[in-house]
Each structure stands twice: as C-alpha cells, then as structure tokens.
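Numbering (the working numbering), first residue to last: 64 to 200. Below you'll find the structure, written out as structure tokens, and then a few comments.
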C-alpha cells in the first residue's frame, strides 16, 4: 500500500508537564520511548518523538503530512480518551479527516475506551470502523 506510516511515541524529558500527572514514563533514550518490536517498524517508516498528549504538538507532524499530501489520518495506539482525543482535536483543527480503527486503540478501562470513541465520533466526526474495514479500503 501507499501509506505514510508515522510512529509518534512518547519520549519525555524530565521537565515535561505530563510527568506531574502520570509520573516518569517513556523517557527519551530509554526502551520505553521506542516502538515496540511487535509493531515491526520498517526503515522507511517515520519515528516521531512526542512530549505531549497530541502527536501534533511541537512535533512537526502537520508539516510532514502536508508535504506528503495527506488529507486523512488513521490514528492508532493508546489511550483512546487521552492521546487519541488530543491528537484528534489537533487533526480536526488542521482540517484532516479522522479515522480511528476502534480495535487498534485502547484505554485503561473499557468505559474510558468507549467514552473516548464516542467523543471522537461526536465532536470530530471521526470514523471508527474496525481494522479489517480500514485494510480493505
């Protein structure tokens, strides 16, 4: 397929505000900030470190997507009600269509996950099919 794949992983610095909420996690330069091997990142895929909930905030992601002519983003990962929600907001504000495969995102609880999906659908008009439907596009 002709997909631009971008892995936007937490890669925190000690001064990041988020650490006040969640404690130290996914610190830059540690294994916790790397793409997990099970995802099988390829050399031609982009790894973009992020320090905030949104993949767009201070990462250059919008410019990268525009350089590649991207009009729709497919968002996966965790957590549906936190990082996906903030990333979806920024994608929406930048004019991207949003697709979130509901079985390719997760949250701490089923309630958080379902609530997150509902919010994305209602507020950002995100499409939330299953992964199989996305792969069949």
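Think of the CB as a built atom: it goes at the ideal place given N, C-alpha and C, for glycine as much as any other residue. Owing to the predicted nature of the structure, the values given are computational and were not obtained by experimental measurement.
Given 8 Å as the limit, tell me if residue i has its C-beta closer than that to any heavy atom belonging to the ligand MG.
| i | result |
| --- | --- |
| residue 141 | As presented, the structure is devoid of all ligands, the ligand MG included, so that no description of it is given. |
Classify residue i as buried or exposed, calling it buried when 16 or more other Cβ atoms lie within 10 Å of its own Cβ.
| i | result |
| --- | --- |
| residue 153 | buried |
| residue 75 | buried |
| residue 157 | exposed |
| residue 189 | buried |
| residue 166 | exposed |
| residue 102 | exposed |
| residue 179 | buried |
Taking C-beta to C-beta, are residue i and residue j nearer than 9 Å?
| i | j | result |
| --- | --- | --- |
| residue 150 | residue 162 | no |
| residue 118 | residue 168 | no |
| residue 148 | residue 116 | yes |
| residue 133 | residue 164 | no |
| residue 128 | residue 200 | no |
| residue 155 | residue 186 | yes |
Sorted by chain position, which residues of the same chain lie with C-beta nearer than 6 Å to residue i's C-beta, five sequence neighbours on each side aside?
| i | result |
| --- | --- |
| residue 142 | 170 |
| residue 122 | 111 and 113 |
Among the residues of its own chain, which have a CB less than 8 Å from the CB of residue i, if the five just before and after it don't count?
| i | result |
| --- | --- |
| residue 124 | 69, 71, 111 and 118 |
If you drop the 5 nearest sequence neighbours on each side, which residues of the same chain put their C-beta closer than 7 Å to that of residue i?
| i | result |
| --- | --- |
| residue 181 | none |
| residue 90 | 75 and 96 |
When you compare only the Cα positions, how much space is there between residue i and residue j?
| i | j | result |
| --- | --- | --- |
| residue 85 | residue 146 | 13 Å |
Length-filtered (3 minimum) beta strand (DSSP E) runs lying within the region 67–147: 69–73, 109–113 and 135–137
Every unbroken beta strand (DSSP E) within the region 154–195, with a cutoff of 3 residues, ordered by chain: 160–162
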